[in-house]
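Positions 17 to 336 (this note's numbering) are the ones given, in order, by the sequence shown.
Following: one structure in structure tokens, then a few remarks.
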Amino acid sequence: MIITVTLNAAIDKTLAVPNFRLGRRHRAVEQTTMAGGKGVNVARALRALGQPVIATGIAGGPTGTRIVEHLTEEGILNDFVRIREESRTSIAVVDPTSGEQTEINEHGPHVSELELELFVDKLLYLAKGAAVCVFAGSLPRGVDVGLYGRLIEEMKRLGVLTVLDSEGEPLRTATRKGPDVVSPNELEAEGLVGHEFSDDDDRRIGVGEMVELGARESIMTLPEGCLAMLHEAGERRLYGATLDPLEPVSSVGSGDAFLAGFVAARYGGRDPEDCLRFAVACGAESTQHFGAGVLEQREVERLAPEVRVEQLEAPPVGVP
Ligand SMILES: Nc1ncnc2c1ncn2[C@@H]1O[C@H](COP(=O)(O)OP(=O)(O)OP(=O)(O)O)[C@@H](O)[C@H]1O
Ligand SMILES: [Mg+2]
Numbered sequence: 017m018i019i020t021v022t023l024n025a026a027i028d029k030t031l032a033v034p035n036f037r038l039g040r041r042h043r044a045v046e047q048t049t050m051a052g053g054k055g056v057n058v059a060r061a062l063r064a065l066g067q068p069v070i071a072t073g074i075a076g077g078p079t080g081t082r083i084v085e086h087l088t089e090e091g092i093l094n095d096f097v098r099i100r101e102e103s104r105t106s107i108a109v110v111d112p113t114s115g116e117q118t119e120i121n122e123h124g125p126h127v128s129e130l131e132l133e134l135f136v137d138k139l140l141y142l143a144k145g146a147a148v149c150v151f152a153g154s155l156p157r158g159v160d161v162g163l164y165g166r167l168i169e170e171m172k173r174l175g176v177l178t179v180l181d182s183e184g185e186p187l188r189t190a191t192r193k194g195p196d197v198v199s200p201n202e203l204e205a206e207g208l209v210g211h212e213f214s215d216d217d218d219r220r221i222g223v224g225e226m227v228e229l230g231a232r233e234s235i236m237t238l239p240e241g242c243l244a245m246l247h248e249a250g251e252r253r254l255y256g257a258t259l260d261p262l263e264p265v266s267s268v269g270s271g272d273a274f275l276a277g278f279v280a281a282r283y284g285g286r287d288p289e290d291c292l293r294f295a296v297a298c299g300a301e302s303t304q305h306f307g308a309g310v311l312e313q314r315e316v317e318r319l320a321p322e323v324r325v326e327q328l329e330a331p332p333v334g335v336p
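And the structure:
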């Protein structure tokens, strides 16, 4: 079983608005409402890939009830801790004419210490039947930034593999606790290693630095694929994967679909190059659908052979 953790679960509303302009009144030509938050999106994509997954996390108030109802309707196993304050609603406006998208995310509820401990108990219980735990997204207000790090340590003690996709301080502190995989996008990776990437060498060095900080394996998603440092035959190797971009319907959550694909393949025992091929295909395929984490496995299989994966020379670390 794979667990996904979403501490800041949401109701995600996506609106298609042609010629979206600030300061104007618009009518949406298409709209969807789904349960969301990064871990939930990963769970949706894992389920579409036929993987056994349970979504856990924190959900509050009437919006929290809707989140749980949406998940159950979709057939995504779930077990959330219910809290007093209201879960957030996030809005994405996709403009089909320009291809641009605008996201507005609410803050989310404040979580009390007692509520958080209820969640930790639940996670430890679920972990008894799990092989992998994916921590994805931001931390709610009122929660210690070290939480992901603490949970990663607990999971390691229980022999559960840990995958982390977050940003800022929660990502930085948790990476030091040795997660099995971190998978930030380029901007988040820059924040993690503490400097900007101006060229390919910088990016390659950055992926290595994420491992030096503590992650066993690291991936940096890029608009046209990813760079990754993965274990193979007893050593760490640097890989690059690329795919020609597709015309997106909505690219919200493509990183979450990517991560689901990677987790499904990596812990299904496929070799590193195959895992990256599959992950990039999942990210790309998900852009063809309205709704984060939505993808079709058959289309992923069709796209995967088009992903080019190569082993790369790792630049010497420490080069300015
Ligand atoms: N238009 C596209 N065509 C093909 N692949 C795409 C496209 N957009 C994104 N992808 C793929 O999706 C993956 C994730 O991309 P990205 O780095 O944008 O994730 P992200 O910023 O974490 O996204 P999110 O946080 O919204 O899930 C990448 O591997 C990328 O190749
Ligand atoms: Mg992401």
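C-beta: ideal position from N, C-alpha, C; glycine also.
Less than 6 Å between C-beta atoms, sequence neighbours within five positions excluded: which residues of the same chain meet that for residue i?
i, result
"PRO336", "Only weak support is given to the placement of PRO336: the predicted model assigns it a pLDDT of 43, under 50, and the value that follows is read from those uncertain coordinates. If we look at PRO336 and ignore the five residues flanking it on each side, it has no Cβ neighbours."
"VAL323", "ALA257, LEU259, ARG293, VAL296 and ALA297"
"GLU326", "GLY256"
"THR20", "GLY55, VAL58, ALA59, ALA71 and VAL150"
"LEU275", "VAL58, ASP181 and SER199"
"VAL69", "ILE18, ALA59, LEU62 and ARG63"
"PRO195", "ILE168, THR178, LEU180 and ALA231"
"LEU174", "ALA143"
"VAL268", "ALA108 and ALA308"
"GLY285", "none"
"PRO186", "LEU155, VAL161 and TYR164"
"ILE235", "SER199, CYS242 and ALA244"
By Cβ distance below 7 Å, which residues in the same chain neighbour residue i in space, the five residues on each side in sequence not counted?
i, result
"LEU238", "GLU202"
"HIS123", "ARG104 and ARG157"
"ALA320", "ARG293, PHE294 and ALA297"
"GLY76", "ARG98, ILE99, ARG100, GLU101, GLU102, SER103 and PRO125"
"PHE213", "GLU202, GLU206, ARG219 and GLY222"
"VAL84", "ALA75, ASN94 and PHE96"
Pick out whichever of the options has its Cα sitting closest to the Cα of residue i.
i, options, result
"VAL279", "ASP137, ASP215 and SER199", "SER199"
"SER106", "GLU326, ALA308 and VAL150", "ALA308"
"ARG63", "PRO321, HIS86, ALA330 and VAL310", "VAL310"
"ASN57", "GLY77, ARG43 and HIS86", "HIS86"
"ARG37", "VAL110, GLY165, SER302 and GLY207", "VAL110"
"GLN117", "LYS29, PHE213, GLU129 and GLU212", "LYS29"
"GLU119", "ARG286, HIS126, SER266 and GLY284", "SER266"
"GLY80", "GLU312, VAL97 and GLN67", "VAL97"
"GLU101", "SER128, ILE92 and VAL84", "SER128"
"ARG232", "CYS242, ARG166, HIS247 and ARG219", "HIS247"
"ARG282", "LEU155, LEU177 and PRO78", "LEU177"
"GLU301", "GLU317, ASP290, MET245 and ASP287", "GLU317"
"LEU254", "GLY66, PRO264, VAL268 and MET226", "MET226"
"MET171", "PRO186, LEU187 and ALA146", "ALA146"
"GLY184", "GLY165, ARG166 and GLU204", "GLU204"
"CYS242", "GLU263, ASN121 and CYS291", "CYS291"
"PRO264", "GLY115, VAL84, ASN94 and ASP217", "GLY115"
"SER270", "THR303, GLY284, GLY277 and ARG252", "THR303"
"LEU328", "TYR141, ASN94, VAL84 and ASP217", "ASP217"
"LEU140", "ASP95, VAL84 and GLU289", "ASP95"
"ALA51", "ARG41, ARG43 and LEU93", "LEU93"
Compute the distance between the beta-carbons of residue i and residue j, then report whether it is under 8 Å.
i, j, result
"SER182", "GLY158", "no"
"LEU180", "VAL161", "no"
"GLY55", "THR88", "no"
"ALA337", "ASP272", "With the chain covering only 17 through 336, there is no way to say anything about residue 337."
"GLY250", "ALA330", "no"
"PRO261", "GLU240", "yes"
"ILE18", "VAL150", "yes"
"ARG192", "GLY230", "yes"
"THR53", "GLY73", "According to the sequence displayed, residue 53 carries Gly and not Thr. Cβ atoms of GLY53 and GLY73: closer than 8 Å."
"ILE168", "ALA190", "yes"
"GLY91", "GLN313", "no"
"ILE27", "THR48", "no"
Please name the residue or residues paired with residue i in a DSSP beta bridge.
i, result
"ASP95", "THR72"
"PHE151", "VAL21 and LEU180"
"LEU203", "None, per the DSSP bridge assignment."
"LYS29", "THR49 and ILE107"
"GLN327", "TYR255"
"VAL198", "LEU180 and SER234"
Can you give me the Cβ contacts of residue i inside the same chain, cut-off strictly under 8 Å, excluding the 5 residues immediately before and after it?
i, result
"VAL45", "ALA32, VAL33, PRO34 and PRO112"
Segments of 3+ residues assigned as beta strand (DSSP E) that fall wholly inside the segment 43–69: 46–52
Segments assigned beta strand (DSSP E), at least 3 residues, entirely inside the segment 241–270: 241–248 and 251–258
Ranges of the beta strand (DSSP E) found wholly within the segment 208–245, counting only runs of at least 3: 233–238
Minimum length 3: unbroken beta strand (DSSP E) runs contained in the segment 117–173: 117–121 and 148–152
Any heavy atom of ligand 3 nearer than 6 Å to the CB - residues listed: The ligand content of the structure shown is limited to ligand 1 and ligand 2, which means ligand 3 is not among them.
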